[in-house]
């Protein structure tokens, strides 16, 4: 499938809180799910990715979980800091696995 | 720094003109991808090249074209420019055969402004 739905579109949290962003995909055969962080006017930076042979992956304060049955994956950020403020994009393989399809992005604002 | 370079950083031009954006992938990467990001919008996939050959195509306009050269750098050509073409254009590269499961690393982007 070509659609990757991402929610919420904006997320405001207090410093120290957790933030969760969810994405759903269409193609049950999809097997790679990266997350990118993009600060204003800068390039998207890969922060974490997961392949379909695992259900969860963690890197310090960031984790990604994958539910293949429900066809959704989520980004979890714990102990948020103001520097986590950015737009976060999820992605999944598009039709034929020849390209990545990106979600519409989540603008995360972490207030001190 | 991802190792992907793009030039120029900024480009200002007029409607009807033609421009060329350039991208050099990370050392060892064979695939190059082009994306368009309009203001406050997501990343729209345009086209992908692997080792000199077109591999996948997205919603790329007929006025746009691209190529990848033997040294693996790529150029995106935009012609008959319209105001709506104003956007950030990103290039990304990956090491693999061009499968979408390859990790993509993005360049710093070229900001195109069409007046």
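Protein chains in written order, with my numbering: chain L, 1 to 112; chain A, 1001 to 1115. Glycine included, every Cβ here is placed at the ideal spot set by N, Cα and C.
If residue i sits next to residue j, beta carbons under 8 Å apart, how far is it from one beta carbon to the other, in whole angstroms?
i                       : j                       : result
residue 1081 of chain A : residue 1114 of chain A : 5 Å
residue 1044 of chain A : residue 1035 of chain A : 6 Å
residue 99 of chain L   : residue 1056 of chain A : 5 Å
residue 1101 of chain A : residue 93 of chain L   : 6 Å
residue 1023 of chain A : residue 1079 of chain A : Going by Cβ atoms, the distance from residue 1023 of chain A to residue 1079 of chain A rounds to 18 Å, so no, they are not a contact pair.
residue 25 of chain L   : residue 4 of chain L    : 5 Å
residue 1006 of chain A : residue 1030 of chain A : About 18 Å separates the two Cβ atoms, so there is no contact after all.
residue 104 of chain L  : residue 6 of chain L    : 5 Å
Does DSSP put residue i in a helix, a strand or coil?
i                       : result
residue 1063 of chain A : coil
residue 1 of chain L    : Note that residue 1 of chain L scores 45 on pLDDT, short of 50, meaning its location in the model is unreliable; the coordinates nonetheless yield the value given after this. DSSP places residue 1 of chain L in coil when its eight states are reduced to three.
residue 95 of chain L   : helix
residue 1054 of chain A : strand
residue 1030 of chain A : coil
Quick one: using the 10 Å Cβ neighbour count with 16 as the cut-off for buried, is residue i buried or exposed?
i                       : result
residue 1069 of chain A : exposed
residue 1012 of chain A : exposed
residue 87 of chain L   : buried
residue 1092 of chain A : buried
residue 1094 of chain A : buried
residue 1097 of chain A : exposed
So with Cβ pairs under 7 Å, would you call residue i a contact of chain L?
i                       : result
residue 1108 of chain A : yes
residue 1069 of chain A : no
residue 1043 of chain A : yes
residue 1101 of chain A : yes
Does any residue of chain A have a CB that is nearer than 7 Å to the CB of residue i?
i                     : result
residue 10 of chain L : no
residue 61 of chain L : no
residue 32 of chain L : yes
Name, in chain order, the residues that DSSP records as bridge partners for residue i.
i                     : result
residue 74 of chain L : L:22, L:65
residue 33 of chain L : L:50
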